[in-house]
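Chemist:
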Amino acid sequence: MLMLVKFIHDLTTNEKLQRAFAENPKKTLQQAGLSAKHQALFKKRDPQQVSQALMNELCTNPTIGFWFVPPINLTSISPASGRQGQTLEVTLNGQYFTDPMTADIENNTQKIPITLQNVTGAGQAKSQATGSLTLATNLPTGPYTVRVTSSDKASSTLSMGFTVNARSGNKLAATAAKTSPARKASGTKTAPARKTRAKTPKK
Numbered sequence: 005m006l007m008l009v010k011f012i013h014d015l016t017t018n019e020k021l022q023r024a025f026a027e028n029p030k031k032t033l034q035q036a037g038l039s040a041k042h043q044a045l046f047k048k049r050d051p052q053q054v055s056q057a058l059m060n061e062l063c064t065n066p067t068i069g070f071w072f073v074p075p076i077n078l079t080s081i082s083p084a085s086g087r088q089g090q091t092l093e094v095t096l097n098g099q100y101f102t103d104p105m106t107a108d109i110e111n112n113t114q115k116i117p118i119t120l121q122n123v124t125g126a127g128q129a130k131s132q133a134t135g136s137l138t139l140a141t142n143l144p145t146g147p148y149t150v151r152v153t154s155s156d157k158a159s160s161t162l163s164m165g166f167t168v169n170a171r172s173g174n175k176l177a178a179t180a181a182k183t184s185p186a187r188k189a190s191g192t193k194t195a196p197a198r199k200t201r202a203k204t205p206k207k
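All you need for my numbering is the position in the sequence shown, starting with 1, plus 4.
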């Protein structure tokens with residue numbers, strides 16, 4: 005049941021409740037069955053926060069939420085970069101995600117899907133989605149726009165929110181083959197030939 009919506013409605017139409025609230029706000033909020041979180045909103049006396057809480061509660065109702073749900077909004081991706089050839093586990097943060105939804109990174113010529121595995125906080129002011137992103141080894145490097153698309157085809161983007169970097173070169177072991185000096189032949193040493201002096205014939 006939409007307790008906050010009901011309380012606001014009753015407070016604006018029921019004079020008896022208005023008097024009780026004016027005399028003892030804390031007791032009136034408790035008797036209305038509001039959650040501690042909603043009671044705290046009234047204590048802060050911030051109309052913007054109360055309005056946002058009303059909107060969030062309305063969005064939980066399938067019928068009403070269809071008309072009032074705020075548009076999907078992407079605020080960040082982590083990590084925000086990767087190398088060619090990598091498969092990354094990524095986290096998308098934002099507001100009013102839907103389940104299901106889709107996501108990708110893209111530029112003028114490429115569109116690489118993010119395979120989403122889990123969406124939490126769907127339809128809420130704080131949403132998160134996790135999934136995997138595979139970067140091909142020949143994927144062009146540079147900045148990419150990150151896009152999320154809701155189940156009703158509304159989308160939100162982060163311009164240049166992700167960067168593809170060149171992959172590291174294959175680092176071969178830098179062990180140059182050490183060439184040992186040539187071994188000397190181990191044959192029998194031959195003494196150098198003696199020079200023989202030509203004998204002069206006797207006269």
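Cβ coordinates follow ideal geometry from the N, Cα and C atoms, glycine included.
Residue ranges of each beta strand (DSSP E) run of no fewer than 3 residues wholly in the stretch 53-125, ordered along the chain?
Modeler: Correct list: 77-82, 85-87, 91-99, 106-110, 115-124.
Chemist: In the DSSP assignment, what are the bridge partners of Thr149?
Modeler: Reading the sequence shown from its first residue, position 145 is the one you call residue 149. Answer is Glu110, bridged to Thr149.
Chemist: Which residue's Cα is closest to the Cα of Met105: Lys115, Lys30, Ala133?
Modeler: Locating residue 105 in the sequence shown gives position 101, where the first residue counts as 1. Looking at the Cα atoms, Ala133 is the closest of the given residues.
Chemist: Can you give me the Cβ contacts of Leu15 inside the same chain, cut-off strictly under 7 Å, excluding the 5 residues immediately before and after it?
Modeler: Against the sequence shown, residue 15 aligns to sequence position 11. Excluding residues within five positions, the ones whose Cβ falls inside 7 Å are Leu21, Gln22, Phe25.
Chemist: Let me check understanding here. Comparing Cα to Cα, which of Ile116, Gln43, Leu120, Asn65 lies closest to Gly89?
Modeler: As a first step, residue 89 must be located in the sequence shown, where it is residue number 85. Selected option, being the one with the closest Cα: Ile116.
Chemist: Between the stretch 47-65 and the stretch 5-12, can you find at least three pairs of beta-carbon atoms closer than 8 Å?
Modeler: Short answer: they touch.
Chemist: Return the chain-ordered list of same chain residues with a C-beta closer than 7 Å to the C-beta of Leu33, the five sequence neighbours on each side being excluded.
Modeler: In the sequence shown, counting from the first residue as 1, residue 33 sits at position 29. These residues qualify, in order along the chain: Gln43, Phe46.
Chemist: If the criterion is Cβ atoms closer than 9 Å, does the pair Leu78 and Leu137 meet it?
Modeler: Along the sequence shown, one-based indexing puts residue 78 at 74. Along the sequence shown, one-based indexing puts residue 137 at 133. Going by C-beta atoms, Leu78 is not nearer than 9 Å to Leu137.
Chemist: Under 8 Å by Cβ, that's how I've got Ser155 and Thr95 pegged, so tell me the actual separation to the nearest angstrom.
Modeler: For this step, residue 155 is matched to residue 151 along the sequence shown. For this step, residue 95 is matched to residue 91 along the sequence shown. In fact, because the Cβ distance is near 20 Å, the residues do not count as touching under 8 Å.
Chemist: Pro51 to Thr145, Cα distance in whole Å?
Modeler: Position 47 of the sequence shown, counted from the start, is the residue given in the question as residue 51. Position 141 of the sequence shown, counted from the start, is the residue given in the question as residue 145. Using only the alpha carbons, I get a separation of about 47 Å.
Chemist: Reducing DSSP to helix, strand and coil, say where Gln132 ends up.
Modeler: Along the sequence shown, one-based indexing puts residue 132 at 128. Gln132 falls in the strand class under three-state DSSP.
Chemist: Can you tell me the Cβ-Cβ gap for Leu120 and Ala107, rounded? I've got them flagged as a contact below 8 Å.
Modeler: Position 116 of the sequence shown holds residue 120. Position 103 of the sequence shown holds residue 107. Confirmed, about 6 Å.
Chemist: According to DSSP, what are the bridge partners of Val9?
Modeler: Start at 1 with the first residue of the sequence shown, and residue 9 comes out as number 5. According to DSSP, Val9 bridges with nothing at all.
Chemist: Could you tell me the distance, in whole angstroms, from the CA atom of Thr167 to the CA atom of Lys30?
Modeler: On the sequence shown, position 163 is the one that residue 167 refers to. On the sequence shown, position 26 is the one that residue 30 refers to. Whole-angstrom Cα-Cα distance: 51 Å.
Chemist: Report the CB separation of Leu139 from Arg87 in whole angstroms; it is logged as a contact under 8 Å.
Modeler: As a first step, residue 139 must be located in the sequence shown, where it is residue number 135. As a first step, residue 87 must be located in the sequence shown, where it is residue number 83. Leu139 to Arg87, Cβ: 7 Å. Contact.
Chemist: Helix, strand or coil for Leu45, going by three-state DSSP, please let me know.
Modeler: If you number the sequence shown from 1, residue 45 lands on position 41. In this structure, Leu45 counts as helix in the three-state DSSP scheme.
Chemist: By alpha-carbon positions, which one of Gln114, Thr149, Phe11, Thr153 ends up nearest to Asn142?
Modeler: Numbered from its first residue, the sequence shown carries residue 142 at position 138. Among Gln114, Thr149, Phe11, Thr153, the Cα nearest to that of Asn142 belongs to Gln114.
Chemist: Given a cut-off of 9 Å on the beta-carbon distance, is the pair Gly165 and Ile76 in contact?
Modeler: Within the sequence shown, residue 165 is the residue found at index 161, counting from 1. Within the sequence shown, residue 76 is the residue found at index 72, counting from 1. It is not a contact, given that the beta carbons lie outside the stated cut-off.
Chemist: Of the choices Asn111, Glu110, Ile118, whose alpha-carbon is the least far from that of Gly135?
Modeler: Translated into positions along the sequence shown, residue 135 becomes position 131. Taking only the C-alpha atoms, the option nearest Gly135 is Ile118.
Chemist: Within 10 angstroms of its Cβ, does Asn28 collect 16 or more other Cβ (buried), or is it exposed?
Modeler: Indexing the sequence shown from 1 puts residue 28 at position 24. The residue is exposed, with fewer than 16 neighbouring Cβ atoms inside 10 Å.
Chemist: Please find out if some non-hydrogen atom of the ligand MG comes closer than 8 Å to the beta-carbon of Ala140.
Modeler: Here there are no bound small molecules, and the ligand MG is not part of this structure.
Chemist: Establish whether the CB of Ser136 and some CB of chain D are separated by less than 9 Å.
Modeler: The displayed structure is made up of one protein chain only, and chain D is not part of it.
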